[in-house]
Amino acid sequence: MQIQYPKSLVDQVQAVTKQNRLEGFVPGEGVAHPRVMLVGEAPGQTEIETGHPFVGASGKELTKMLALAGLTREEVYITSVVRSRPFAIRQVVDKKTGQPIEKRPNRTPTKREVAAFAPLFDWELAAVDPEVIVPLGNTALQRLLGKTALIGDLHGQVLRQPVLTMVDGKYCPGNKTYVVIPMYHPAAYLYARRLEPTVQEDWREFGQWLNRNSKES
Ligand code: URA
Numbered sequence: 020m021q022i023q024y025p026k027s028l029v030d031q032v033q034a035v036t037k038q039n040r041l042e043g044f045v046p047g048e049g050v051a052h053p054r055v056m057l058v059g060e061a062p063g064q065t066e067i068e069t070g071h072p073f074v075g076a077s078g079k080e081l082t083k084m085l086a087l088a089g090l091t092r093e094e095v096y097i098t099s100v101v102r103s104r105p106f107a108i109r110q111v112v113d114k115k116t117g118q119p120i121e122k123r124p125n126r127t128p129t130k131r132e133v134a135a136f137a138p139l140f141d142w143e144l145a146a147v148d149p150e151v152i153v154p155l156g157n158t159a160l161q162r163l164l165g166k167t168a169l170i171g172d173l174h175g176q177v178l179r180q181p182v183l184t185m186v187d188g189k190y191c192p193g194n195k196t197y198v199v200i201p202m203y204h205p206a207a208y209l210y211a212r213r214l215e216p217t218v219q220e221d222w223r224e225f226g227q228w229l230n231r232n233s234k235e236s
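Quick look at the structure:
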């Protein structure tokens, strides 16, 4: 299920970011009120082409990690803190033709871009109302817990705390306490394979935590 955001919020975000190098709009998707809400950074090229979150190289890795925790994509909710693809512009020389061409690679969203999408994300979190939030990587983690939170320190830990919400242009702790379990972003270990055993262990332990804390048990 793709979420239907209020049009006024989408229009507000698009008005604020219209000068930025951002393209497309990929809604979050999955079940409402899931046990687990995964929060990424921003969609990449494949996500913009297909209109679905986490379907490119990172998405394939994410599906494998979910399986280590005993989860499938069908039973979680997947979104990102930014809903459009941030791109850079690079002038390069085409190796075959020798002609100058323009490339538009993905880039990390800026803090301003994350803040511009914050009202949309706050609305989405309240609407989805998950039992556990899993921020994937530092961009999502810092959007939720503030800039001193680091994935290298907090990955795999079970945190219980309010998450930041945007009020009058400033981040403030919200009223509700969430369970937050930070994980490395799949792209991080695609580029640093030495992290893979740690990441696998984190997801296996997360699966055990989910079993121990299941409402039926
Ligand atoms: N990375 C993200 O953070 N989100 C996506 O949807 C794809 C890659």
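Numbering (my numbering), first residue to last: 20 to 236. Beta carbons are placed, not taken as given, at the ideal position from N, Cα and C, and that holds for glycine. As the structure is a prediction and not an experimental result, all values here were calculated from the model.
Notebook entry, point to check: Could you give the uninterrupted runs of the alpha helix (DSSP H) lying entirely in the segment 186-233, keeping only those of 4 residues or more?
Noted result: 205-210, 215-231
I'd like to know whether the C-beta atoms of THR65 and GLY49 end up nearer to each other than 8 Å.
no
- Note down, one range per segment and in chain order, each beta strand (DSSP E) of at least 3 residues found wholly within the segment 94-164. 96-99, 109-112, 119-122, 151-154
Checklist line | Rounded C-alpha distance that separates ALA61 from THR116 | finding: 33 Å
Taking a contact to mean a Cβ-Cβ separation below 8 Å, would you say GLN110 touches PRO119 in this structure?
yes
Is it true that the CB of LEU164 sits closer than 8 Å to the CB of VAL147? no
DSSP on LEU90, reduced to helix/strand/coil?
-> coil
Any heavy atom of the ligand URA closer than 7 Å to the CB of ALA78?
Note on identity: in this sequence residue 78 is Gly, with Ala being the wrong assignment. Checking the Cβ of GLY78 against the ligand URA gives yes.
**Message:** Given 7 Å as the limit, tell me if SER99 has its C-beta closer than that to any heavy atom belonging to the ligand URA.
**Reply:** yes
**Prompt:** Going by the CB atoms, is the gap between ILE200 and VAL218 shorter than 8 Å?
**Reply:** no
task = Buried or exposed for VAL112, please, with buried defined as at least 16 other CB atoms from any protein chain shown within 10 angstroms of its CB.
result = exposed
### Message
Less than 8 Å between the beta carbons of PRO72 and ILE97, yes or no?
### Response
yes
#### Entry: Secondary structure of VAL32, DSSP reduced to three states
helix
* Got a sec? Which residues, its chain only, sit under 6 Å from TRP222 by beta carbon, not counting five neighbours each side? -> MET84, LEU87, ALA88
Exercise. What did DSSP end up calling LEU173 once you bin it into helix, strand or coil?
Worked result: helix
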